[in-house]
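Going by numbering that gives the first Met the number 0, the sequence shown wraps up at 305, each residue one higher than the last. Where a beta carbon is used, it is the ideal one built from N, C-alpha and C, also for glycine. Every value quoted in this text rests on a predicted model; they were computed, and no experiment measured them. So the structure is just underneath, and the comments pick up after that.
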Amino acid sequence: MLNLKIVKRVLVTGGTGLLGVAIQRSAPKDIQGFSIYFPERSLPVPLPFPILAADVSDRMEMQSVFEWAKPDVVIHTGAIGSVDFAEKNREQTRKINVGGTEVVAELCQIFESRLIYISSNAVFDGRTPFYSETAPVNPINYYGQLKVDAENVVRESTIPWTIVRPILMYGWPYQGERDNPVVWWVRFLENGKPIKVVDNVFNKPLPAWSCADVIWAIIQQNRTGIYHAAGRDHISLYQFALLTAAVFGLDASLITPVPDSYFPEIAPRPKDTSFDTTKMETELGVKTVGVRDGLFKMKAERTAIL
Ligand SMILES: NC(=O)c1ccc[n+]([C@@H]2O[C@H](COP(=O)([O-])OP(=O)(O)OC[C@H]3O[C@@H](n4cnc5c(N)ncnc54)[C@H](OP(=O)(O)O)[C@@H]3O)[C@@H](O)[C@H]2O)c1
Numbered sequence: 000m001l002n003l004k005i006v007k008r009v010l011v012t013g014g015t016g017l018l019g020v021a022i023q024r025s026a027p028k029d030i031q032g033f034s035i036y037f038p039e040r041s042l043p044v045p046l047p048f049p050i051l052a053a054d055v056s057d058r059m060e061m062q063s064v065f066e067w068a069k070p071d072v073v074i075h076t077g078a079i080g081s082v083d084f085a086e087k088n089r090e091q092t093r094k095i096n097v098g099g100t101e102v103v104a105e106l107c108q109i110f111e112s113r114l115i116y117i118s119s120n121a122v123f124d125g126r127t128p129f130y131s132e133t134a135p136v137n138p139i140n141y142y143g144q145l146k147v148d149a150e151n152v153v154r155e156s157t158i159p160w161t162i163v164r165p166i167l168m169y170g171w172p173y174q175g176e177r178d179n180p181v182v183w184w185v186r187f188l189e190n191g192k193p194i195k196v197v198d199n200v201f202n203k204p205l206p207a208w209s210c211a212d213v214i215w216a217i218i219q220q221n222r223t224g225i226y227h228a229a230g231r232d233h234i235s236l237y238q239f240a241l242l243t244a245a246v247f248g249l250d251a252s253l254i255t256p257v258p259d260s261y262f263p264e265i266a267p268r269p270k271d272t273s274f275d276t277t278k279m280e281t282e283l284g285v286k287t288v289g290v291r292d293g294l295f296k297m298k299a300e301r302t303a304i305l
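Okay, structure coming up:
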């Protein structure tokens, strides 16, 4: 186990992602942070941590990043997060999501850094909620399989590691980054456009900043092993959309419930991967956040979007 006192330098991969930005925004004052972003994007707005362009799956680029950051801890969030893109572009996604994790794990070993790997609820099949950290994995799409494979890279390494599995996250994304359901719904409803939302897929939605709290608690308490991160409320996506409309003062009559079979998606989706959050709450002492509270905070943050 790493001595807590020497955790000063933290490297975040996926520095422009939803979670990567949330981690930077809530970093403790005594942490010296560094991050990287995907070279093909632009950086229209400044970010809290100094940032370099590097592809996580490029060993040479990442070695330079480690030489620059000399991290005590690496928080590896950088990945292709689209389930459908992963299903259609298997080699490319494997190279980044598993190959990138191999590169990061190897460099952590060389630089004696501890690794916090961000996995996903997609490692589960969604048939038997509420999943604890010891539940057997059984992914039903390619993205989920890659998360299992990347977890295995981390587990088989000899460095101190922690795996965090967030469930569906929401919040304001960095300019040009991937949207999340709340952002789509707000955008459509504000423009008076009707939307159809699935009412037979359940979740415990998690504000990205709450997932960041889990990660900083893990670092500050020097925790290793697996941690699930989720919100407090167990709701369908349709109920989540209705709450979004209520909190943002938008017209909920524009929202129609549909079964998941309505959307001809490429990748199958698990029905309910909701987590048991006992470990997050009792070991880490991080309280779960209700959807209404998370959405009100998101609404209040709107004027301060990055
Ligand atoms: N969001 C969720 O609901 C959710 C739920 C469970 C687990 N997760 C996992 O949690 C992690 C963070 O999620 P997120 O929502 O913050 O994802 P995100 O917003 O899509 O951020 C991922 C970041 O990784 C970057 N990236 C992609 N390929 C890269 C590469 N080859 N080299 C360097 N950077 C690369 C992306 O850059 P570009 O956008 O410029 O390509 C993006 O900034 C991911 O590993 C995701 O799989 C997310």
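In the assembly as shown, Ile-79 is a buried residue. Its beta-carbon has 16 or more other beta-carbons within 10 Å. Distances from the CA of Val-11 to each of Pro-258, Val-72 and Arg-177 were compared; the closest alpha carbon is that of Val-72. When the alpha-carbon of Lys-286 is set against those of Asp-259, Glu-101 and Ala-216, the nearest one is in Ala-216. Nearest in C-alpha terms to Leu-253, of all of Glu-264, Val-246 and Leu-241, is Leu-241. The stretch 77 to 97 and the stretch 255 to 273 touch, with no fewer than 3 CB-CB distances between them shorter than 8 angstroms. Of the candidates Ser-112, Gln-108, Gln-91 and Glu-155, the residue whose Cα lies closest to the Cα of Ile-218 is Ser-112. Scanning Lys-203, Pro-206, Arg-93 and Val-197 for the CA closest to the CA of Glu-150 turns up Arg-93.
Excluding residues up to 5 positions away in sequence, Ile-194 lie with their Cβ nearer than 7 angstroms to the Cβ of Phe-187 in the same chain.
The residues Lys-7, in chain order, have a CB closer than 8 angstroms to that of Asp-29 in the same chain once the five nearest residues on each side in sequence are set aside.
Scanning Asn-140, Pro-38, Pro-165 and Trp-208 for the CA closest to the CA of Leu-294 turns up Trp-208. DSSP links Arg-40 through a beta bridge to no other residue. Taking a contact to require three or more Cβ pairs closer than 8 angstroms, the stretch 123 to 134 and the stretch 26 to 41 do not qualify as touching.
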